[in-house]
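See below for the structure under consideration.
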Amino acid sequence: MRLFYFTPILFSLTVLLSCNNRKTNNDNGKNSNSEKIQALKKFYYPFDELANDGLVYEYVDDSLGAVVDYWLFKTVKDEAGDRFLIGAGYNALFEQRYFSREWIVANGTILKDYRFIQTDNATKISKVRPAVIEESVIFPFDPVKDNSLAYRFRIKFNVLPDTAMNYDLVRDRKFDKFLEYDLNGKKIAAVQFKAKEYIEAKDTINGGHWTINSEMTEIYAEGIGLVYTEKKGKGANFKNRLNKRMTPKEFESLQITKNK
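By the count of my numbering, the sequence shown reaches residue 1180 at its end, each step adding exactly one.
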């Protein structure tokens, strides 16, 4: 299997420019010619719609209907005019657990920052633990149907309480097909990705290491983003789906109501 880093030359150039003057040839998909090429862009999170206050996505277990997590997505722009997709992940108890920042470039999104947010049981203080990003491709805008090509995402991290346990997560994703997805009784145009995930855990103090391999299916709906995730593997089997979207104010009201 070969790894696909967008178009290799273009991807390297994009990263190089970000390290220098941060100017890119990204037209944010507004050029009509770009729209024809970026066939998958409309299936990712709607950047323009998320540009103001953003929206909160509520994901639930597909079988039980119980809330799995909430994600607040918001698009921001820096001084250079580059756009970023900001994500804040909360668990079912409304405790923030994750933070992500993706750079929106001409041919996809690139992960620039990913952090785990945890509460220290001893001090009750929130601790932020940034991940080391090794491979940064998150979502491609161009479909590649060559089965030998994969989009690679890779991070290394450790989390509380056992910070001696180091994790290496690799996810190789491939575009699978276009399809229709039933979202709350409404048929919506969508795309499906297949992925293989490898997690290696190493104990840096006591020695030993473990590997968990999984297979994943992801579905992204037009104008919405991720609507369905399925994972099958040793120690990790679940099916999650998008239940609804809400404004940040509605999310705050939901939190107040459930905490009464």
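Virtual Cβ for every residue (Gly too), placed ideally from N, Cα, C.
- In this structure, the CA atom of D1088 is about 17 Å from the CA atom of K1032.
- By the CB criterion at 9 Å, Y964 and T1149 fall outside the cutoff.
- L992 carries a strand assignment under DSSP once its states are collapsed to helix, strand and coil.
- Judged by DSSP secondary structure, L1031 falls within the beta strand (DSSP E) whose first and last residues are G1028 to T1039.
- The criterion of a C-beta distance shorter than 9 Å is satisfied by D1062 and L960.
- About 6 Å separates the Cβ atoms of T1137 and K1114, confirming a contact at the 8 Å cut-off.
- With a 10 Å radius around the Cβ and a threshold of 16 neighbouring Cβ atoms, S983 comes out exposed.
- With 16 or more other Cβ atoms from the protein chains shown falling within 10 Å of its own Cβ, Q958 counts as buried.
- Per the coordinates, the alpha-carbon of S1134 lies some 22 Å from the alpha-carbon of N1011.
- Taking the CA atoms as reference points, Y990 sits about 22 Å from F1073.
- Inclusion of K1116 and D1092 in the CB contact set at 9 Å is warranted, their separation being smaller than that value.
- In this structure, DSSP gives E969 a state outside helix and strand, which the three-state scheme calls coil.
- The criterion of a C-beta distance shorter than 9 Å is not satisfied by N1179 and G985.
- The beta-carbon distance between K997 and L970, rounded to whole angstroms, is 12 Å. This is too long to meet the 8 Å contact definition.
- Taking A1026 as reference, the option from P1060, I1037, N1086 and I1006 with the minimal CA-CA separation is P1060.
- Rounded to the nearest angstrom, the gap between the Cα atoms of Y977 and S1173 is 15 Å.
- Taking a 10 Å sphere around the C-beta of L1013, we find fewer than 16 other C-beta atoms and assign the residue as exposed.
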